[in-house]
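Protein sequences appear in the order of chains A and B. For this note's numbering, count along the first sequence from 1 and bump the result up by 78. For this note's numbering, count along the second sequence from 1 and bump the result up by 78. Just so you know, even glycine gets a beta-carbon here, dropped at the ideal spot from N, CA and C. See structure below.
Number of protein chains: 2
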Amino acid sequence: MNADVRVTVLAGGVGGAKLAHGVQRTGADLTVVVNTADDTRLHGLDISPDLDTVAYTLAGVVNPETGWGRADESFTTLETLRSLGEDAWFLLGDKDLAMHVARTAHLRAGATLTEVTARLAGALGVRARLLPMTDDRVATLVDTPAGRLDFQEYFVARRHADEVLGLTYEGADDAAPAPGVLDAVASADVVLLAPSNPFLSIAPILAVPGVRDALATSSARRVAVSPIVGGQALKGPAAAVLASLGHEVSALGVARLYAGLVDVMCVDERDADLVPAIRDLGLEVLVTDTIMGAGPGRERLAHELLESA
Amino acid sequence: MNADVRVTVLAGGVGGAKLAHGVQRTGADLTVVVNTADDTRLHGLDISPDLDTVAYTLAGVVNPETGWGRADESFTTLETLRSLGEDAWFLLGDKDLAMHVARTAHLRAGATLTEVTARLAGALGVRARLLPMTDDRVATLVDTPAGRLDFQEYFVARRHADEVLGLTYEGADDAAPAPGVLDAVASADVVLLAPSNPFLSIAPILAVPGVRDALATSSARRVAVSPIVGGQALKGPAAAVLASLGHEVSALGVARLYAGLVDVMCVDERDADLVPAIRDLGLEVLVTDTIMGAGPGRERLAHELLESA
Numbered sequence: 079m080n081a082d083v084r085v086t087v088l089a090g091g092v093g094g095a096k097l098a099h100g101v102q103r104t105g106a107d108l109t110v111v112v113n114t115a116d117d118t119r120l121h122g123l124d125i126s127p128d129l130d131t132v133a134y135t136l137a138g139v140v141n142p143e144t145g146w147g148r149a150d151e152s153f154t155t156l157e158t159l160r161s162l163g164e165d166a167w168f169l170l171g172d173k174d175l176a177m178h179v180a181r182t183a184h185l186r187a188g189a190t191l192t193e194v195t196a197r198l199a200g201a202l203g204v205r206a207r208l209l210p211m212t213d214d215r216v217a218t219l220v221d222t223p224a225g226r227l228d229f230q231e232y233f234v235a236r237r238h239a240d241e242v243l244g245l246t247y248e249g250a251d252d253a254a255p256a257p258g259v260l261d262a263v264a265s266a267d268v269v270l271l272a273p274s275n276p277f278l279s280i281a282p283i284l285a286v287p288g289v290r291d292a293l294a295t296s297s298a299r300r301v302a303v304s305p306i307v308g309g310q311a312l313k314g315p316a317a318a319v320l321a322s323l324g325h326e327v328s329a330l331g332v333a334r335l336y337a338g339l340v341d342v343m344c345v346d347e348r349d350a351d352l353v354p355a356i357r358d359l360g361l362e363v364l365v366t367d368t369i370m371g372a373g374p375g376r377e378r379l380a381h382e383l384l385e386s387a
Numbered sequence: 079m080n081a082d083v084r085v086t087v088l089a090g091g092v093g094g095a096k097l098a099h100g101v102q103r104t105g106a107d108l109t110v111v112v113n114t115a116d117d118t119r120l121h122g123l124d125i126s127p128d129l130d131t132v133a134y135t136l137a138g139v140v141n142p143e144t145g146w147g148r149a150d151e152s153f154t155t156l157e158t159l160r161s162l163g164e165d166a167w168f169l170l171g172d173k174d175l176a177m178h179v180a181r182t183a184h185l186r187a188g189a190t191l192t193e194v195t196a197r198l199a200g201a202l203g204v205r206a207r208l209l210p211m212t213d214d215r216v217a218t219l220v221d222t223p224a225g226r227l228d229f230q231e232y233f234v235a236r237r238h239a240d241e242v243l244g245l246t247y248e249g250a251d252d253a254a255p256a257p258g259v260l261d262a263v264a265s266a267d268v269v270l271l272a273p274s275n276p277f278l279s280i281a282p283i284l285a286v287p288g289v290r291d292a293l294a295t296s297s298a299r300r301v302a303v304s305p306i307v308g309g310q311a312l313k314g315p316a317a318a319v320l321a322s323l324g325h326e327v328s329a330l331g332v333a334r335l336y337a338g339l340v341d342v343m344c345v346d347e348r349d350a351d352l353v354p355a356i357r358d359l360g361l362e363v364l365v366t367d368t369i370m371g372a373g374p375g376r377e378r379l380a381h382e383l384l385e386s387a
């Protein structure tokens, strides 16, 4: 792939990181715009889970078993926090902690999240542009039968077991896109919507004022990859969230969410029967093996997506 | 030793921690008032080196080689911070880091340093009362030929190699003693000035408004232990600081600093020749082996100090 091809990936955590990694392997000029509505503050530390997952993946230091966190990780500080009586339910590895400590220190010193992200990703060896969707605080709040929950409380502490009755991207209306985000969406050759959770990862990015319009009017070829394969989520609560919010749990259900925003919907071979219905939405359809696995599989999918675009 | 004997130790780091540990081993009712003018903020974390040294020592988890930091420590986060390009010159172990993370989080949430110290020391298993000298910010600033330095920059980063031309306890005039400090000094049966650095550890405590008066007028028997033995400091820059500030580098020089504040000066057997001159200052003198070493030696010295009082 030519390094002159500018590709922007809108990404959440693990799925978005894998697709971005595949694009990086093609040699394209990569920008990743990352969801920050999962960001949280724990033990006084500013934690950006999706930014870190993407940075670790692109730097090749991610834990290959989980797809997030760092490889060869230890948990000494976390275990000590627990022994000190702290409520340490969030899995913080010793290496991972260094990212949070450094990020928190620089943010407290007045740097923006964009600046801190560029610095830390660069130090990890990431060559792609890694952009938070915003430097402002946006927080996904999850309405459940147990009440309104902070995102990480819903996702990690309660293991996304609660039914999702509604979602609020708190602060989104007043947020500004981070520097470079609108341009990355508007002027790329290709924009990829990663197979991340449509409501928990992609929707918060689109909720930042200006991003949805930039995507809708972009001159880029826009391709979305369905995170639903054979009616099931590859990872996480995407299927459950689609269902509880009244959407069909299928690549067609996802395509309906993205119709008008993308040119091409990429679905898995197992969902070939949905192609006519997706075409009826006015979308082109790319049918392929969307299961990425390790590096070569990610690169193969990225190549197919870019060639289709 | 009867648990009804109330002993208050004024302490800096390692020397003060060892003496406090000796008193704890006697079974006395122990309060330790600890210097916080060395406290610093690094990587966004609030670090209280002397409080941690005393807590770790009393809890039996201190590194026995160094007298500070934790035993069986690892440095994964520190090494990762360095690999991220952070200027990580302060030695932060993974276990130690948990204290700073927890302290910072609770302070940011509005707790006082007194409250956080009680919580964390209690979680470590410390039964003694551990009190910061103040909940306010006091910072020892060190004037050197290289200019004015923050304490940890002088002490750790530059390995206390600069000549000390003067000292300022910034913020001391406006600081209030932490809850319990004045009472611990005024109403104890025995107050011990640990063999900590007179200028860098004990003087900041006495600079907090009310503490010097409480000591001067206390009904307690007040005993100071010389940190200078045979004209040399047992540890750290005490000898160099005494000399550069124009004081005699001896137990007599230390006794002159404490005359009027204590009843008894405890000096090492090697300094028996100084006894007459110290008595001439109006002080009683206890001559003994002041080198504490491990637990039994600390307990022996503590017993002798309490029996003399």
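Test: residue 155(B) CB closer than 7 Å to a CB of chain A: yes
Within chain A, partners of residue 373(B) - CB distance below 8 Å: Within chain A, no residue comes near residue 373(B); the closest Cβ sits about 23 Å away, beyond 8 Å.
Whole-angstrom distance between residue 346(A) and residue 358(A), CA atom to CA atom: 18 Å
Residue closest to residue 87(A), alpha-carbon to alpha-carbon, out of 181(A), 136(A), 242(A) and 371(A): 136(A)
Within-7 Å CB hit, residue 131(B) to chain A: no
Within 9 Å of chain D by C-beta, residues of the stretch 183–204 of chain B in sequence order: Of the protein chains in this structure, namely A and B, none is chain D.
Residue 369(B), buried or exposed, once every other Cβ within 10 Å from all chains shown has been counted against 16: exposed
The stretch 225–241 of chain B in contact with the stretch 106–121 of chain B per 3-pair CB rule at 8 Å: yes
Beta-carbon gap between residue 338(A) and residue 327(A) smaller than 7 Å: no
Through-space distance from residue 313(A) to residue 348(A), alpha-carbon basis: 17 Å
Exposure of residue 243(A), with buried meaning 16 or more beta-carbon neighbours within 10 Å: exposed
Min CB distance residue 179(A) to chain B below 7 Å: yes
Residue range of the beta strand (DSSP E) that includes residue 315(B): Looking at the DSSP string, residue 315(B) is not in any beta strand (DSSP E), and its letter there is neither H nor E.
Under 8 Å from the C-beta of residue 121(B): neighbouring residues of chain A: 179, 180, 182 and 183
Contact list for residue 152(A) against chain B, beta-carbon separation under 8 Å: 152, 154 and 172
Span of the beta strand (DSSP E), counted from its first residue to its last, around residue 92(B): Run containing residue 92(B): none in the beta strand (DSSP E); it sits in the alpha helix (DSSP H), 92–104.
Beta carbon of residue 165(A) nearer than 7 Å to that of residue 154(A): no
Span of the alpha helix (DSSP H) around residue 301(B): Careful: residue 301(B) lies outside any alpha helix (DSSP H), inside the beta strand (DSSP E) at 299–303.
For residue 373(A), the three-state DSSP class (helix, strand or coil): helix
CB contact check: residue 231(B) to chain A, cutoff 7 Å: no
Coil, strand or helix - residue 151(A) by DSSP: coil
Three CB pairs or more closer than 8 Å across the stretch 270–279 of chain B and the stretch 298–308 of chain B: yes
Exposure label - residue 169(B); buried when at least 16 CB within 10 Å: exposed
Cβ neighbour criterion (16 or more within 10 Å) applied to residue 174(A): buried
Local conformation of residue 193(B) per DSSP, three classes: helix
Backbone secondary structure at residue 213(A) - three-state DSSP: coil
Residues from the stretch 133–150 of chain A in contact with chain B, defined by Cβ distance under 7 Å: none
Sequence-distant residues of its chain with Cβ nearer than 6 Å to residue 82(A) (five each side left out): none
Runs of alpha helix (DSSP H) wholly within the stretch 214–239 of chain B (minimum 4 residues, chain order): none
Opposing strand residues paired with residue 244(B) [DSSP bridges]: 221(B)
Start-to-end residues for the alpha helix (DSSP H) that takes in residue 283(A): 281–285
8 Å Cβ shell around residue 183(A) - same chain, five flanking residues per side excluded: none
Any C-beta of chain B under 7 Å from that of residue 175(A): yes
Close Cβ partners of residue 124(A) (< 6 Å) along its chain, the five nearest in sequence each way excluded: 181, 182 and 185
Test: residue 162(A) CB closer than 7 Å to a CB of chain B: yes
Contact check, residue 248(A) vs residue 208(A), beta carbons under 7 Å: no
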